[in-house]
Amino acid sequence: MCYGTLMSELSVEMGREPSPAPRQLPKEQLLKIHDLMLEGRVLEERLIRMQRQGEGYFWIGGPGEEAFNVCLGLLMKKGRGLDHDFFHGHYRSSGTLLAMGAPSIDALRQMANTKTDPYSEGRNFVGHFSKREWNVVPITSPIEVQYSIAIGTGIAQARHGGDGITIVTGGDAGSAEGDFASCLVWASRPMLPLPMLIVVTNNDWGISTPAESQHGEANVSDRGKPFGMPTAVCDGNDPEASWFAIQEAMDYVRRERKPFVLEARLSRLYGHSSSSGSNYVSEEVDCLDVIAERLERRGWRSKDETVAKRTELEASMQGWYKQVLTEPKPRPEEIWDYVFATENVVAQDAAVQSTEKTAGDL
Amino acid sequence: MATVVQAVRMALHMGEAHLGVTDIFGEDVGPPLGGVFTATQGLETAWNSPLDERGIVGAAMGLALAGQKPVAEIQFCDYAFNTIDLLKLAGNTYWACAGDWNVPMTLMTPVGAGIHGSIYHSHSFDAQATRLPGWKIVMPSNPRDAYGSLIAAIEDPNPVMVLLPKALMRARAEGPDELIGGEPDAKELRARIDAPIGDRSGWVPDWPDLALERVPEGTSATLRRGDQVSVVTFGRLARVAKKAAEELAGEGIDAEVIDLRWLHPYDWAAIRDSVKKTGRALFLNEDTEITNFGEHLIRRCCEDLFGDLRIAPRLHAGAHVPGVGLSEHLEDASVPTHDSVLRAIREAALAPEVGRSMRDVPRVERRAPTVDFSLDREALEGRVITHEVFGRSSRYRA
Ligand SMILES: Cc1ncc(C[n+]2csc(CCOP(=O)(O)OP(=O)(O)O)c2C)c(N)n1
Ligand SMILES: [Mg+2]
């Protein structure tokens, strides 16, 4: 296929509809995305409230990124080992994990730093997921390091063949770190190009610093061009634009076994984190409004049905939240657990065979 | 009879052939050069990376997470400083995700002074390395230990750092204890595993059949037994200390020399038993002296062995100056030398006992040291813990 076409189709400017006419997802698919986006938002709002009530110390998360992140999670080839996608996310990736099937209650557990938190047993901030069963490598706080670490899973998958790929995501401001440059250089080495989907979720902010004051490049993704990588910019507030952009980028990476840089322009709806107040920002586009209006316009889900769905999810969230408050905290002596491994568990994964299909195959 | 660098190469070959090593990589590590010290010549899985230390450490972590078995090299430890936060991550991954992912990677890097390497080829890394919880750290001082520590590192499911004293790269065994089981003599080995000068495109090494030997983690080697003073050291200075101790025997000074080998986990039992016996401890290494690993060992001696000490434990280490200067005068004034080590051991052996020795006072049980991983968990139960997160402080009872 001709990537010139792909590029022009995906390089839409914010607020404008792409031309030719935007592609549509089937009803069931869009409704499923909507359900997950709603759950993601309800989850984040609950997490924010827990932090405010003193049931957690710090909140950071992905409200505003649901459209893009949910599609990313649904399109992933989920599973263990080299035949599946490796995901190197960051602290705004909750929508992706939710779409992959991670239960909301587990995020609440991490917020409440309970022993039952399956991602860190009360050690790490909320949104710092880890799930070896699905190749979700541990999310860490230092910005951009995932772009260096992703090189390694990329190399293993380049050598292994098949259609498993490495997906790495991070923010726009973080792309100034050397790790982003490392990722571009290593992913495009002539001796071994890497099957890597390099994603930048661009919300135009790094905490309080506007991107325009620090970045002269027109698009962060343009930085892939001198390395010969196809690049694209998509409207990350639009679930359908996001879906097709991710799908085409993924298809390219899976098939060609080469890197692709995809930039999603999207909103940051509750500020950076609890440190900056975590209040709703009404000036930015809300992807939930975008999808709700579209569903209503197509007659697939009315505003009332959306409200009812949200209320239902809030009730479930409330139940999970109450449950989490009863769960135990880690005990002090557990600081000594997991300092050193006695077994090489990751090596057992390399051999695991394909067991699951992607939602894209449905 | 192998040099240290040949021993490293043979261990890496054993790693590829028998232990599942998938990648040996770093700057100039692959063909044609096979490493600036030739440590990676002729290896099947050796490849050149971009000149990017952060990328090297990141790639090793990612390869490990993907179930591979990487051995990464940082060409000189002097250039590892921009990787510290990735090294911290490699060390904390298993802990942070509560055991979900381990990170089975080996990182090897040449360290230390002794080759007139000036400011950027003389750094030590042991003080930095031992501040990276979650890593195991080993620093061999002879060919056999270089071979055995790499094998142990490769087999370990955790990140392990192998610090190679660059001044010893061409050093050979100084006795039967330092020979690798099954190794041919020096001439034959050179012919079989050293790449030819000039065109080497068609060359393949003829690896000798070696035993799979390890330096088990946390084990030291006592290089010389003595009753009067304990010298605890590692790496390049292990040999320096041994020679100095042998010379001092002629003066009637009987020094015990312990080559620690593993800096983490380290052989506290060996240090303890020796210091209890001699009552005099000298810690010897070439990293800068402020916040030095030897200082930790001194602290532990003071806390755990106070009643056994005849003099205050001592440290002989690098001067806390910004670099090791090129001129011989500057280098010798910056890091321990044969002469300074000789003096330091002599002084520690002969220093008068300070104050009233508590050696003969009945011993009281002392609390378990907090760094000991074998810490009795039960002892912690019920203790009040205060912790701070982002300025809030909360106290609770376990
Ligand atoms: C290496 C590093 N430097 C600084 C920080 C503190 N910090 C946390 S988030 C952030 C801004 C990141 O902005 P961006 O990459 O655009 O991601 P966004 O939060 O906007 O999604 C900073 C500076 C950090 N976590 N890591
Ligand atoms: Mg940003």
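From first to last, the protein sequence lines are chains X and C. The numbering of the first sequence is this note's numbering, which starts it at 562 and goes up by one. The numbering of the second sequence is this note's numbering, which starts it at 23 and goes up by one. Glycine included, every Cβ here is placed at the ideal spot set by N, Cα and C.
Distance between beta carbons of residue j and residue i, contact taken as under 8 Å
i         : j         : result
Leu-232/C : Met-23/C  : Contact doesn't hold; Cβ gap of about 13 Å is too wide.
Met-161/C : Leu-352/C : At roughly 24 Å, the Cβ-Cβ gap does not stay under 8 Å, so Met-161/C and Leu-352/C are not in contact.
His-649/X : Val-698/X : 5 Å
Ile-768/X : Gly-688/X : Actually they are not in contact, since the Cβ atoms of Ile-768/X and Gly-688/X sit about 16 Å apart, beyond 8 Å.
Glu-75/C  : Ile-96/C  : 6 Å
Tyr-882/X : Leu-658/X : Contact doesn't hold; Cβ gap of about 18 Å is too wide.
Pro-756/X : Gln-707/X : With 8 Å as the limit, Pro-756/X and Gln-707/X do not qualify as a contact, their Cβ atoms being about 16 Å apart.
Glu-801/X : Pro-583/X : 6 Å
Leu-108/C : Thr-714/X : Not confirmed; about 15 Å, so no contact.
Arg-236/C : Ile-173/C : 5 Å
CA nearest to the CA of residue i, picked from the options
i         : options                                       : result
Gly-48/C  : Gly-80/C, Ala-39/C and Ala-151/C              : Gly-80/C
Ala-243/C : Gln-250/C, Asp-249/C, Leu-73/C and Gly-257/C  : Gly-257/C
Val-906/X : Gly-623/X, Thr-792/X, Gly-615/X and Arg-693/X : Arg-693/X
Phe-103/C : Asp-249/C, Ile-219/C, Asp-326/C and Arg-153/C : Arg-153/C
Lys-188/C : Leu-327/C, Asn-70/C, Pro-227/C and Phe-59/C   : Phe-59/C
Met-878/X : Arg-610/X, Glu-857/X and Gly-715/X            : Arg-610/X
Asp-799/X : Glu-600/X, Ile-621/X and Val-631/X            : Val-631/X
Arg-336/C : Lys-209/C, Glu-311/C, Gly-345/C and Pro-344/C : Glu-311/C
Ile-280/C : Asp-207/C, Glu-268/C, Val-251/C and Leu-245/C : Leu-245/C
Pro-751/X : Ser-836/X, Asn-696/X and Gly-789/X            : Gly-789/X
Glu-205/C : Arg-166/C, Ala-112/C and His-138/C            : Arg-166/C
Asp-847/X : Gln-590/X, Val-761/X and Leu-827/X            : Leu-827/X
Thr-887/X : Asp-796/X, Ala-673/X and Arg-859/X            : Ala-673/X
Arg-261/C : Ala-118/C, Cys-324/C, Gly-197/C and Asp-216/C : Gly-197/C
Gln-90/C  : Ala-339/C, Ile-159/C, Gly-156/C and Pro-179/C : Pro-179/C
Gly-601/X : Pro-893/X, Gly-623/X, Glu-616/X and Gly-617/X : Gly-623/X
Ser-654/X : Arg-829/X, Phe-901/X and Glu-857/X            : Arg-829/X
Phe-805/X : Arg-720/X, Gly-642/X, Thr-872/X and Phe-629/X : Phe-629/X
Proximity test, residue i beta-carbon vs ligand 1 heavy atom, cut-off 7 Å
i         : result
Asn-764/X : yes
His-833/X : yes
Ser-702/X : yes
Ile-768/X : yes
Arg-653/X : yes
Arg-826/X : no
Arg-892/X : no
Arg-829/X : yes
beta-carbon residue i near ligand 4 non-hydrogen atom, thresh 7 Å
i         : result
Gly-347/C : With respect to ligand 4, the structure shown offers nothing to examine, as its ligands consist of ligand 1 and ligand 2.
Check: residue i C-beta below 7 Å from any heavy atom of ligand 2
i         : result
Gly-80/C  : no
Arg-737/X : What sits at residue 737/X in the sequence shown is Ala, not Arg. Result no, Cβ not under 7 Å from ligand 2.
Asp-796/X : no
Gly-732/X : yes
Gly-650/X : no
Element boundaries [beta strand (DSSP E), containing residue i]
i         : result
Val-925/X : There is no way to answer for residue 925/X, as the model of chain X reaches only from 562 to 923.
Phe-47/C  : 45 to 48
Cys-795/X : 792 to 796
His-286/C : 284 to 286
Asn-307/C : 303 to 310
Lys-158/C : 158 to 160
Val-125/C : Segment: none, Val-125/C is in no beta strand (DSSP E) and carries neither H nor E.
Met-183/C : 182 to 187
Glu-278/C : 277 to 281
Gly-731/X : 727 to 732
Bounding residues of the alpha helix (DSSP H) (the contiguous stretch that carries residue i)
i         : result
Leu-830/X : First-last for Leu-830/X: undefined, no H or E at that position.
Gly-739/X : 739 to 748
Met-757/X : No alpha helix (DSSP H) holds Met-757/X; the beta strand (DSSP E) holding it covers 757 to 763.
Asp-812/X : 800 to 817
Ala-338/C : Position check: residue 338/C holds His in this sequence, whereas Ala was assumed. No alpha helix (DSSP H) holds His-338/C; the beta strand (DSSP E) holding it covers 336 to 340.
His-776/X : Premise fails: His-776/X is in no alpha helix (DSSP H) and is neither H nor E.
Phe-648/X : Premise fails: Phe-648/X lies in the beta strand (DSSP E), 647 to 649, not in any alpha helix (DSSP H).
Pro-165/C : 165 to 177
Ser-356/C : 350 to 356
Glu-613/X : The sequence given here places Arg at residue 613/X; Glu does not occur at that position. Note, Arg-613/X: alpha helix (DSSP H), 588 to 613.
Original post:
What are the uninterrupted segments assigned as alpha helix (DSSP H) that are 4 or more residues long and contained completely in the stretch 855 to 881 of chain X, given in chain order?
Top reply: none
Original post:
Can you give, in chain order, each stretch of the alpha helix (DSSP H) that sits fully within the stretch 200 to 257 of chain C and has at least 4 residues?
Top reply: 208 to 215
**OP:** Identify every run of the alpha helix (DSSP H) within the stretch 25 to 93 of chain C, keeping only runs that are complete inside it and at least 4 residues long; order them along the chain.
**Re:** 26 to 40 and 75 to 87
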